[in-house]
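Here's the structure, in structure tokens; my notes come after.
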DNA sequence: GCGACAATTGACAACGCTGACAAGTGCAGG
DNA sequence: CCTGCACTTGTCAGCGTTGTCAATTGTCGC
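Chains as they are written, first to last, in this note's numbering: chain A, 182 to 542; chain B, 182 to 542.
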């Protein structure tokens, strides 16, 4: 029950005045006096407004530096149009992903003197409820924009609502980049292709793919890129596939399935690390040693990639960079430079789970 | 280079006015008018100040409910002593731990109409630098208090500085609870003992322990609790020990070491999940099947506990609850109810890595 | 029923900053 | 030298809330 006035049931005790504001903290007045200019001029310099002479700017910046002045966010927010808060809206249950994204967004906020808020919305609920939640969020504490993480970045009702409300938002790894809101993502297709080339170069010719959730676009692109690159490299045979649902247990099942297919693959590409870890177990259960008997490649370079043996060769997804870029996009608003999708570079992380295929017997 | 006035090198483009404040949003004035009382009375009700008659309170609360009023944080912070922001200060590289703690703190903030800030400090640096960082944090954006996560919660210079500055703080899993700052933690000793009893009941009589980093107090307590309970249960033999450093790779080495000791343990207690996962690998490399040939118990119930096969039996650490409790302690300041340490309950999570010992041959 | 005292309520000035608008300044062209 | 215009700089009134202090009410003892 959202009670705007705290929870009436448990009076949180009368607040004793506390030292929130450093007493006698220096303000814009001090800077203005020191620089011998007006208040507004200091404000102009701080906000990089146009029509400020170099001389004045220099004077003010020097005074700011000398006094070690830091503008008060609360006052700026109260007086102006900005709140100096952006929010990362997430639903992704993966702590690894969320944490990294958030870390990147946080860095961006620090760089821009913003605060980062975290909000969660359950994307599985009916549209109407999602909108209601969103509206509550908006009312409850204003913010200058949202970083939308998947799958939130692809829910039409979310996008439409935000647009209708005129709230800025950036989509992370959007399924269908559009001009309406900028997005940051990575080239999943290219990364899938890179995995294919890596495996091919190692000498593999019989492949298996562990696919992801049906509605997960990135997983589909990784698979497609992999398959396309294989075809381009001259591969003609059948590629076995099994769905691992991006989960450990699903990876075990899918791995076992792939191992049972004829002819048995010598290399398996799992479209995320969790399912790759599961596949690793399946291999062990089948009496196969990775990478001597069979090679395995994951995707994400998540925590689990180094919590299994052998360490997983995988694709580093620049999640933190995406968080940084998305947050920056939100704050560096000059209003119009919105490329539909900015792609961050992925990177192959070669560890120990890939080797040349065993000799045929 | 911390530049208070954004980065001079890359002008973030002149900010175009944006819709931060929902236009025509309702304020305290509206509530006051509707309830037919003064502004200050509304303020009193909202802040649960004393000396408010029930009649007035009822009137105001009704008006608030009818108007769906939400106080403006920026204005409150500007006018009053509180900033309505608390910060989780962390250095713990484990995304799992940090994420959970943060999630708990976040929930608490939502419940109290606060914002959560995240700050990071490198605890490995010299004391002087740590203090400088802390001071910068304090100056840069005020907040009403810090949640100190380990190992930050045990650095004397951090504690002293915060106390000297009069900034409230709560310690999470503190090494030496003191009356100076409240702490929340868990009973590591008791949890270690619980593991011992579980293994003993399963029939094990030869044990090994994978210890944690030397300076990690919780790891030491887990070990001690385990050992003490064993002694109490009547165990007299030697308990093999090896240091796993709380890491996967360290766990592999420590596991191998333990497996080589004579007589070989039939059950191993790893003081965290990562090293337990490593031990699992060591067992596999030694040709031992878990849990048929050897039992293994982890600690933390972290993500990896379900990313290995078999799933690890482990101890659930109420990290999120600790985050919630710590944040709540910061916000429910009535100034004096500070128990040195509030212990949150742990829970044994029995999964698949423990079984009765194999028959002697 | 009166004064003293406590409990309750209200008026009003900050809090630190920005937006709108006014005022100055310098330069080209007449 | 003056006018007009573009560029700079300054003045001032809030933004929505809380702290201070004064004003109003209610209560109690005698």
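Think of the CB as a built atom: it goes at the ideal place given N, C-alpha and C, for glycine as much as any other residue.
On a predicted model such as this, the values are computed, not experimentally measured, just so you know.
Mapping the DSSP letters down to three states, classify residue i as helix, strand or coil.
i: residue 433 of chain B; result: helix
i: residue 269 of chain B; result: strand
i: residue 420 of chain A; result: coil
i: residue 510 of chain B; result: helix
i: residue 476 of chain A; result: strand
i: residue 303 of chain A; result: coil
i: residue 238 of chain A; result: helix
i: residue 540 of chain B; result: coil
i: residue 528 of chain B; result: strand
i: residue 253 of chain A; result: coil
i: residue 481 of chain A; result: strand
i: residue 298 of chain A; result: strand
i: residue 225 of chain B; result: helix
i: residue 523 of chain A; result: strand
i: residue 504 of chain B; result: helix
i: residue 443 of chain B; result: coil
i: residue 262 of chain A; result: coil
i: residue 247 of chain B; result: helix
i: residue 220 of chain A; result: helix
i: residue 343 of chain A; result: helix
Could you tell me the boundaries of the alpha helix (DSSP H) in which residue i lies?
i: residue 536 of chain B; result: Segment: none, residue 536 of chain B is in no alpha helix (DSSP H) and carries neither H nor E.
i: residue 283 of chain A; result: 276-292
i: residue 232 of chain A; result: Element bounds for residue 232 of chain A: n/a, residue is neither H nor E.
i: residue 155 of chain B; result: In this structure chain B extends from 182 to 542, so residue 155 of chain B is not present and cannot be described.
i: residue 458 of chain B; result: 454-466
Note down the Cα distance separating residue i from residue j, rounded to an integer number of angstroms.
i: residue 528 of chain A; j: residue 281 of chain B; result: 28 Å
i: residue 285 of chain A; j: residue 500 of chain B; result: 23 Å
i: residue 364 of chain B; j: residue 507 of chain B; result: 7 Å
i: residue 207 of chain A; j: residue 243 of chain A; result: 15 Å
i: residue 405 of chain B; j: residue 417 of chain B; result: 15 Å
i: residue 432 of chain B; j: residue 449 of chain A; result: 27 Å
i: residue 497 of chain B; j: residue 367 of chain B; result: 11 Å
i: residue 466 of chain B; j: residue 477 of chain A; result: 19 Å
i: residue 534 of chain A; j: residue 292 of chain B; result: 46 Å
i: residue 211 of chain A; j: residue 321 of chain B; result: 17 Å
i: residue 531 of chain B; j: residue 271 of chain B; result: 30 Å
i: residue 360 of chain A; j: residue 342 of chain A; result: 16 Å
i: residue 323 of chain A; j: residue 248 of chain B; result: 17 Å
i: residue 226 of chain A; j: residue 253 of chain A; result: 15 Å
i: residue 460 of chain A; j: residue 325 of chain A; result: 43 Å
i: residue 235 of chain B; j: residue 246 of chain B; result: 16 Å
i: residue 318 of chain B; j: residue 402 of chain B; result: 33 Å
Please list the terminal residues of the continuous beta strand (DSSP E) segment that includes residue i.
i: residue 353 of chain B; result: 350-353
i: residue 495 of chain B; result: 495-497
i: residue 451 of chain B; result: 448-451
Considering only residues of the stretch 359-430 of chain A, which uninterrupted beta strand (DSSP E) runs meet the minimum length of 3 residues and lie entirely inside it, listed in chain order? 364-367, 388-392 and 421-424
Can you find at least 3 beta carbon pairs, one from the stretch 403-413 of chain B and one from the stretch 428-440 of chain B, that sit closer than 8 Å? Short answer: they don't touch.
Contained alpha helix (DSSP H) runs [length at least 4] in the stretch 300-341 of chain B, N- to C-terminal order: 308-321
Three or more C-beta pairs closer than 8 Å, one from the stretch 476-492 of chain A and one from the stretch 259-273 of chain A: is that the case here? Flag = no, the stretch 476-492 of chain A and the stretch 259-273 of chain A do not touch.
Touch test, the stretch 521-535 of chain A against the stretch 297-309 of chain A, Cβ-Cβ under 8 Å, three pairs minimum: no
Does the stretch 345-357 of chain A come into contact with the stretch 328-336 of chain A, if we say contact requires no fewer than three beta-carbon pairs (one atom in each stretch) closer than 8 Å? Output reads yes: the stretch 328-336 of chain A touches the stretch 345-357 of chain A.
Kindly confirm or deny that the stretch 426-434 of chain B and the stretch 447-458 of chain B touch, where touching means at least three C-beta pairs closer than 8 Å. yes
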